Structures are given as structure tokens and as C-alpha cells.
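Step one of this worksheet: look at the structure below.
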Amino acid sequence: MRRTATRRHYLMVRPTYFDVEYSINPWMDPKKPTFTEVAVAQWEWLRNLYLELGHRVEQLQPRSGLPDMVFAANGATVVNGQALVARFRHTHRCPESAAYLRWFREHGYRNVRQARWINEGEGDYLLAGPRLLAGSGFRTNTEAHLESQEFFGMPVVGLTLVDPRYYHLDTALAVLDHDTVMYYPKAFSAGSRRLLEELYPDAITASDDDAAAFGLNAVSDGRHVVLPQAATGLISQLRERGFEPIGADLSELLKAGGSVKCCTLELRAGQTEGPRRGR
Ligand code: ARG
Numbered sequence: 021m022r023r024t025a026t027r028r029h030y031l032m033v034r035p036t037y038f039d040v041e042y043s044i045n046p047w048m049d050p051k052k053p054t055f056t057e058v059a060v061a062q063w064e065w066l067r068n069l070y071l072e073l074g075h076r077v078e079q080l081q082p083r084s085g086l087p088d089m090v091f092a093a094n095g096a097t098v099v100n101g102q103a104l105v106a107r108f109r110h111t112h113r114c115p116e117s118a119a120y121l122r123w124f125r126e127h128g129y130r131n132v133r134q135a136r137w138i139n140e141g142e143g144d145y146l147l148a149g150p151r152l153l154a155g156s157g158f159r160t161n162t163e164a165h166l167e168s169q170e171f172f173g174m175p176v177v178g179l180t181l182v183d184p185r186y187y188h189l190d191t192a193l194a195v196l197d198h199d200t201v202m203y204y205p206k207a208f209s210a211g212s213r214r215l216l217e218e219l220y221p222d223a224i225t226a227s228d229d230d231a232a233a234f235g236l237n238a239v240s241d242g243r244h245v246v247l248p249q250a251a252t253g254l255i256s257q258l259r260e261r262g263f264e265p266i267g268a269d270l271s272e273l274l275k276a277g278g279s280v281k282c283c284t285l286e287l288r289a290g291q292t293e294g295p296r297r298g299r
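Numbering (the numbering used here), first residue to last: 21 to 299.
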């Protein structure tokens, strides 16, 4: 099967102040050393890859004292030029929201507001064709799902996460194109698993090892799928299905429980051509 890439528009935040200073997920161990310059080099590689693939990449300026800000996916959900900005669960990350609100307002988005309910942006919301898949269980709460449905005017399908290692939906499921996904079944409740089987009978499912390598934290443009290089099983399954997997080494960012997708917020249409900042 022939896969077609479409040009994407991403927002990223350089890990200038990256560190693991606290622990809000099981991957984070503040006692382990981190190397910010390695994180920056790995992140630069990812940004350059997107540019080489023909995508547009915007940058939002990092702030000191916000070591998790590199995980841009959590800042908002953007569909059709409308941006619903995150309300973080943990106080450590709460100040990030103001930076996103400002960025979207300054860049001509027509409908921008912060979510009322706890909502960690594209960490827990993944656009899959006509619907938004929405995670809950660890961060985003279920009231937020209804709020998002109302804000975007599109169906939101709630999925319950049950394994603390896969605390955001984007650590357990990746959207490959409008009707194809890959996911780790054991990260979901029994009901959510049945729902996923019903919606996506042809989905790629991940092994324990591939999930633990953070292989589901992937970004697809419909053809190229960027994912952690250690997820070798997923890489071959993707190839068999006609995708072009590209292995990434973001080992430094994994110390904070994040990888490719966490670093990438997709901006979907509706943006007026304003000044380009932070290049
Ligand atoms: N340390 C961050 C946190 O726990 C990692 C966020 C990863 N982002 C994601 N989209 N899964 O909030």
C-alpha cells in the first residue's frame, strides 16, 4: 500500500532549561544525572528532521525554572485554527499555560482559551480523522473531554489509561493517518480496549518491549513515522504496512518520560501569516 505524506506545521520548545528536578511520572528520577546539552542536541536533530521532511516548525521560547517545557505537545490542542490551552495537573508545570496562551494570541489564532478542567493538551488528545481520541486516568480528567467536544464541535472518544508508565494517551497510542493507529492494549482499561478494537480492527499493536521503549510516542505525517529507535518491533510492523519509520534517539528526554511526540505540538490550519518568532 502506498502512503502519502502531507506537510505539517509544528510548534516546539528548545530544551534550554531541561532537567529532571521533580518526579511526576514513573520515568522521572531526580537522582539520576541529566545532560542538558545532550537533550538540546537530540532535540535539534528532531527539529532538523522535520525541516528535511518538508514540515514547518515554529518555536516558543523556553523559560528557566520550567524544566518540562520541552514537551510542547502538552501545551494545547489545536484544530482548525482553534487552540484549547492546557491546564496542568501538577503545579510544577502550571506556569507553562500562560506562555502558550500568549503565543497563540500573538500568532493570530481565532479562538484561544485555557481549558477549565485539567487537560494536558496533545499529551491526552490525538486527532484521528473525524474524531478526537482523549485519554484520562492520570492527567486529563473526563470532564475535560466534554469541554473539548464543546470547544471543537467534534466527537471526543474517551479512553481510560490504567498503567502509570503510560500516563498520557500519546505514550500508549499514536495516530498514523486518519484511520490507522498503533497502540499498546495493556495500557487501557478493558472497556477502552474493546472500543479500540471496534474502531480500529486493523491497528498495529505494540509488544511490552516496544511500549517500554516509548515506541508509541511517535509522530506521523501519513508516510514517515518518527519514533524511538529502540522500538524495533514497531519499526518492522510499520515497514510491512507501507510506512517509512525513522528511528530517533531522544534518550535524554526519556529521563523525564517524554520522546518524539511529547516534543511536538501540531498546529492545524487557521493561522494568519503573522511575524515568525523564535526561529
Ligand atoms: N515530565 C513530563 C510530565 O510528566 C513529561 C511529559 C511528556 N509529554 C507527553 N506528551 N507525554 O509531564
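From the three backbone atoms N, C-alpha and C, an ideal C-beta is built for every residue, glycine too. Computed from a predicted structure; not experimentally measured.
Item	Value
Under 6 angstroms Cβ to Cβ from PRO35, same chain only, skipping five residues before and after it: list those, please.	ALA59, VAL60, TRP63 and VAL90
Where does CYS114 land, buried or exposed, given buried means 16+ other C-beta within 10 angstroms?	exposed
Could you name each continuous beta strand (DSSP E) segment of 3 residues or more that falls completely within the stretch 58 to 126, going from the start of the chain to the end?	76 to 79, 96 to 99 and 102 to 105
Suppose contacts are defined by Cβ-Cβ distances below 8 angstroms. Is GLU116 in contact with GLY95 by that definition?	yes
Along the chain, where does the alpha helix (DSSP H) containing GLY253 start, and where does it finish?	252 to 260
Given a cut-off of 8 angstroms, decide if LEU215 and ALA223 are closer than it, judged by their beta-carbon atoms.	no
Count the C-beta pairs between the stretch 65 to 74 and the stretch 134 to 149 that are closer than 8 angstroms, then say yes if the count reaches three, no if not.	no
Hey, which unbroken runs of the alpha helix (DSSP H) at 4 residues or more fall wholly within the stretch 265 to 289?	271 to 274
Quick one: measure Cβ to Cβ for ASP241 and LEU73, integer angstroms, because I've assumed they're closer than 8 angstroms.	6 angstroms
Pair every Cβ in the stretch 187 to 199 with every Cβ in the stretch 159 to 179, then say whether three or more of these pairs are closer than 8 angstroms.	yes
So, LEU80 versus TYR37, is the Cβ gap smaller than 8 angstroms?	no
Any chance the CB of ASN131 is under 7 angstroms from a heavy atom of ligand 1?	no
Taking 7 angstroms as the cut-off, does the CB of MET202 come closer than this to any heavy atom belonging to ligand 1?	no
Sorted by chain position, which residues of the same chain lie with C-beta nearer than 6 angstroms to ASP197's C-beta, five sequence neighbours on each side aside?	GLY242
Among LEU247, MET48, GLY277 and MET174, which residue has its Cα nearest to the Cα of MET202?	LEU247
Hey, would you say the C-beta of PHE263 is under 7 angstroms away from at least one heavy atom of ligand 1?	no
Assign LEU285 to buried or exposed, taking buried as 16 or more other Cβ atoms, counted over all protein chains shown, within 10 Å of its Cβ.	buried
Going by beta carbon distance, what residues of the same chain come within less than 8 angstroms of HIS165, once the five residues before and after it are set aside?	ALA154, SER156, VAL176 and GLY178
Less than 7 angstroms separating the Cβ of SER143 from some heavy atom of ligand 1?	According to the sequence displayed, residue 143 carries Gly and not Ser. Correct: GLY143 has its Cβ closer than 7 angstroms to ligand 1.
So does MET48 have its beta carbon nearer than 7 angstroms to some heavy atom of ligand 1?	yes
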